[in-house]
Each structure stands twice: as structure tokens, then as C-alpha cells.
Amino acid sequence: MDVELNKLIEYLDNESSIIKLMVDHNGTITHACKYAEKLAGKKLSGTSLKDFFTDFNAQLDINQMLTKGVTKQMLNINTYRNLPETLYFTSIPTQTGIILIGEVNNIELEELRQSMINLNNDLNNLTRELQKKNIQLDQLNKLKNQFLGIAAHDLRNPIASILMFSDFVLESKEDEINGELKQILEMIRNSSQFMLNLLEELLDVVKIESGKIGLNLVKVEMEDLLRKNIKMNSIIAANKEIDIILNIPQPVPPISADPVKIEQVMNNLISNAIKYSHKNTTITVYAFSTGDEILVSVQDQGQGIPKNELDKIFVPFAKISVQATSGEKSTGLGLSIVRRIIIGHQGRIWVESEQGKGSKFYFTLPIKNN
Ligand SMILES: Nc1ncnc2c1ncn2[C@@H]1O[C@H](COP(=O)(O)OP(=O)(O)OP(=O)(O)O)[C@@H](O)[C@H]1O
Ligand SMILES: [Mg+2]
Numbered sequence: 001m002d003v004e005l006n007k008l009i010e011y012l013d014n015e016s017s018i019i020k021l022m023v024d025h026n027g028t029i030t031h032a033c034k035y036a037e038k039l040a041g042k043k044l045s046g047t048s049l050k051d052f053f054t055d056f057n058a059q060l061d062i063n064q065m066l067t068k069g070v071t072k073q074m075l076n077i078n079t080y081r082n083l084p085e086t087l088y089f090t091s092i093p094t095q096t097g098i099i100l101i102g103e104v105n106n107i108e109l110e111e112l113r114q115s116m117i118n119l120n121n122d123l124n125n126l127t128r129e130l131q132k133k134n135i136q137l138d139q140l141n142k143l144k145n146q147f148l149g150i151a152a153h154d155l156r157n158p159i160a161s162i163l164m165f166s167d168f169v170l171e172s173k174e175d176e177i178n179g180e181l182k183q184i185l186e187m188i189r190n191s192s193q194f195m196l197n198l199l200e201e202l203l204d205v206v207k208i209e210s211g212k213i214g215l216n217l218v219k220v221e222m223e224d225l226l227r228k229n230i231k232m233n234s235i236i237a238a239n240k241e242i243d244i245i246l247n248i249p250q251p252v253p254p255i256s257a258d259p260v261k262i263e264q265v266m267n268n269l270i271s272n273a274i275k276y277s278h279k280n281t282t283i284t285v286y287a288f289s290t291g292d293e294i295l296v297s298v299q300d301q302g303q304g305i306p307k308n309e310l311d312k313i314f315v316p317f318a319k320i321s322v323q324a325t326s327g328e329k330s331t332g333l334g335l336s337i338v339r340r341i342i343i344g345h346q347g348r349i350w351v352e353s354e355q356g357k358g359s360k361f362y363f364t365l366p367i368k369n370n
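Under the working numbering, the letters of the sequence shown match residues 1 to 370, in that order.
Right, here's the structure in full:
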């Protein structure tokens, strides 16, 4: 054999990434190139050709290969990674057996690579589209808050006037108005009071949502704040013969918080406890310092909240099946505002509740707040 051909064969045997196998008439491998053994992860000479391929191809017909002349087929081989690999095999019958050449289809690989590039481009376009939509949504949400803010703000004054005038007539002309007219005026006053409260809450939501919650952090003695708040709410609670108890087992340190906002939190939690409880029950307000935080809880012996509705109670206007026990008004905004105030203070809020037994709302406030 001439030198050039020997060099080529040596290259194919030792260096190329092409599989080259010599197989005898019985299907036994008599010679394998380095690359084939590297892929198989074992010596191949002396083994059966069928073992080199996966079970799927184990039905290989050696006789057909010997008689059919040069044929090409796609076959899967067992690799050292235990993952089958698909290659294109050309079988060339010779006098002593078969030469099998296996190679990767580069055109197919290139097509796959191109599909990957296309898919990646599609993904990038989709991501860009999504980012654009997010920005639009954010702008729309801001606009919605603006409209809501303007509407709530501009409705506040006329409704406050109606409230003031009905109050004025009810108080100053008490002797002149008869029973029916008085009832109507009282309805006007109550409705306008309700609307005014709703507008205040809507304004709160808008302010908090647009990041304008603006906390005015000062040193707050929680015990004083709680005591004052309970005293105020006890008057409403007394109408339902509900007692409010304050339980502070150990003195709690002063915290850095916005007292007006924390009052709002306590008003909402205690008024809920009153609103959703029956007569002759007790509400317990508890405070405790863990060193880093103050934990406050408001526990009632009311109706409790069904388990499947617990995750909705902090969502604005969520419809919850629990109703007030004495026909008190409900707008469904209180707890969503409470939650935002607490989060604004870097605190946490959660609830434990059992139907028929009562609810316990917890919140924490860090003692030091930046
Ligand atoms: N202590 C409680 N016991 C039982 N159910 C409660 C309690 N607190 C809240 N809920 C339920 O969660 C809902 C949401 O409470 P939230 O305070 O947000 O709104 P609201 O009391 O209906 O109206 P608002 O507080 O705005 O006047 C209530 O409608 C009620 O169904
Ligand atoms: Mg409420």
C-alpha cells in the first residue's frame, strides 16, 4: 500500500471523529478506531457488533449488509454516558467482512442549530413585548389611581356639606321637624357619613398604592396608644355589650412608628372584632415585645372566617361571606389598608381564625425603623 493511503488510514484510526469498524462474516468486530472505543467507553475488538448498537437496532442483519452492497442507515449506539447517540452509518462489504463508517449528519446539526437560534430570537421578542406591556400596565394603573384620587377628592367636599347641613337641621330645628321628616334627615346624614368614610378609605388606598403613604415616624408608646384606642372603641362596643380587655404581661419599649397610621390599624381591627361578633362577648388586645419587634394581637369570640376565604380578606373589596351581626356598614377596604400600613412599617400581618370560635389578627412592628 502506498504511504499516502497508510497515512490516511492511520489518521482515520487514531485522530478523526468518524467511527470506523471492521466486522467479520459472523458480526464480530475485528478492528475499531480510537474514536469508536472512546464513544463506547470500552474495547470493541472481539465483541459482537450487535452490542455496540442499542437494543432498538439489535436486529441488525449482517447477511443483508454483506449482500446488499454499500448501504446507508441511521443507527443508535450505546455510549459510555449511557445515553444513546444517533449516527449515520455506511456499510461497505469487503472480502473479509464489512467496513462500517459512522458519522454525524452535519447538515442536520446545522439545521437544528438554526432552529435554536430562531427559537431564541422568538423568545427575545416575546420578552421585549412583555416588558413593553408591563410598562403600559404600570402607566394605566397610575392613571386609574389618579382618576380614583380626583373623583374621591372632589366628591369629599359636597358630601361633607350634605352631612353638615343634615346635622345642622337635625340639631338646630329639632322642635320644628316631625317624626317622618326626622327619619328621612337621619337617613341622609347616615348615608352621607358612610359615603364620606368610603371616600376617605378610597383616598387612603390611592395614596398607599401610589407610594405616597408618607409615614411620619416618631417615638410611640404602644401601651398608651392601645389604651387610648380601646377606650374610644369601648363606647361602640358597649352597644353590643362587648368588653375589650388589654393584656400586656410585660412593659413594652417605645417604638418608632406613625401613631396616626397605627391608630387607623387598631381602629380597623377592633371595629371589625366588634362588627363581626355577637353580643356579650370579649375582645382581647395583647402586646408583647420580642426584643426586635412588638407583636400585637386582636382576638375576638365572633363568627370566625371560613378557611377558604382567609386568603381574600386583605384584598380590597373582596366579597367575604361573614356578615356584620347588627347591620353595620361594610365597604371591604379596612383590612387592605391595614395590611399596607403594616408593610409600610416593615412589619408583618396575619390571621388565625376558626368558624364559630373567633378570629385572632396579629401584626408586628419593628422597634427600630429606618
Ligand atoms: N374579626 C373578624 N371576624 C370575622 N370576619 C372578619 C373579621 N374581620 C374581617 N372579617 C371579614 O373580612 C372582610 C374584610 O374586612 P375589612 O375590614 O377589609 O372590610 P369591612 O369590615 O367589610 O369594611 P370596612 O373595614 O372597609 O368598613 C369583612 O367583610 C368580613 O367578612
Ligand atoms: Mg373593617
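We put the CB at the ideal spot given by N, CA and C, even for glycine.
Burial state of residue i (16 or more Cβ within 10 Å)
{"i": "Q303", "result": "buried"}
{"i": "F89", "result": "buried"}
{"i": "R189", "result": "buried"}
{"i": "V315", "result": "exposed"}
{"i": "H25", "result": "exposed"}
{"i": "A32", "result": "buried"}
{"i": "D258", "result": "buried"}
{"i": "A40", "result": "buried"}
{"i": "E186", "result": "exposed"}
Span separating the alpha-carbon of residue i from that of residue j
{"i": "L60", "j": "E37", "result": "20 Å"}
{"i": "V338", "j": "N233", "result": "17 Å"}
{"i": "Q131", "j": "R340", "result": "26 Å"}
{"i": "L310", "j": "V285", "result": "21 Å"}
{"i": "D292", "j": "P253", "result": "10 Å"}
{"i": "I213", "j": "N121", "result": "42 Å"}
{"i": "I135", "j": "F147", "result": "19 Å"}
{"i": "N225", "j": "I159", "result": "As written in the sequence, residue 225 is Leu, which differs from the Asn given in the question. Their Cα atoms are separated by approximately 31 Å."}
{"i": "Q323", "j": "K329", "result": "10 Å"}
{"i": "L295", "j": "D138", "result": "34 Å"}
{"i": "N178", "j": "T331", "result": "32 Å"}
{"i": "E4", "j": "I99", "result": "20 Å"}
{"i": "I236", "j": "F361", "result": "20 Å"}
{"i": "K182", "j": "F165", "result": "13 Å"}
{"i": "D154", "j": "S297", "result": "37 Å"}
{"i": "I270", "j": "N124", "result": "51 Å"}
{"i": "S289", "j": "F363", "result": "12 Å"}
{"i": "L66", "j": "T94", "result": "8 Å"}
{"i": "I77", "j": "D55", "result": "9 Å"}
DSSP state of residue i mapped onto helix, strand, coil
{"i": "T67", "result": "helix"}
{"i": "Y11", "result": "helix"}
{"i": "I101", "result": "strand"}
{"i": "D51", "result": "helix"}
{"i": "A273", "result": "helix"}
{"i": "D24", "result": "strand"}
{"i": "L196", "result": "helix"}
{"i": "L83", "result": "coil"}
{"i": "D243", "result": "strand"}
{"i": "V252", "result": "coil"}
{"i": "N233", "result": "helix"}
{"i": "N369", "result": "coil"}
{"i": "I320", "result": "coil"}
{"i": "L75", "result": "strand"}
{"i": "E328", "result": "coil"}
{"i": "S336", "result": "helix"}
{"i": "P93", "result": "strand"}
{"i": "I62", "result": "helix"}
Boundaries (first-last residue) of the alpha helix (DSSP H) holding residue i
{"i": "D138", "result": "N106 to S172"}
{"i": "E37", "result": "K34 to A40"}
Close Cβ partners of residue i (< 7 Å) along its chain, the five nearest in sequence each way excluded
{"i": "K357", "result": "G304"}
{"i": "I248", "result": "E223 and A287"}
{"i": "Q346", "result": "P366 and N369"}
{"i": "D13", "result": "K20, C33 and K34"}
{"i": "M372", "result": "Outside the displayed range of the chain (1 to 370) lies residue 372, so it cannot be described from this structure."}
Start-to-end residues for the beta strand (DSSP E) that takes in residue i
{"i": "G358", "result": "G358 to P366"}
{"i": "I313", "result": "That residue, I313, is in no beta strand (DSSP E); it is neither H nor E in DSSP."}
{"i": "K219", "result": "V218 to V220"}
{"i": "E293", "result": "E293 to Q299"}
{"i": "T284", "result": "T282 to S289"}
Residues of its chain near residue i, where Cβ-Cβ distance is below 6 Å and the 5 sequence neighbours each way are ignored
{"i": "S17", "result": "Y35"}
{"i": "D300", "result": "A273, S277, I283, G358 and S359"}
{"i": "M266", "result": "N229"}
{"i": "K72", "result": "T90"}
{"i": "L335", "result": "I313 and F314"}
{"i": "I92", "result": "V70 and I99"}
Within-8 Å CB hit, residue i to chain D
{"i": "Q131", "result": "The chain labelled as chain D is not found in the depicted structure, where only one protein chain is given."}
Same chain, Cβ closer than 8 Å to residue i, neighbours up to 5 away in sequence not counted
{"i": "N6", "result": "none"}
{"i": "T47", "result": "T28 and I29"}
{"i": "R128", "result": "none"}
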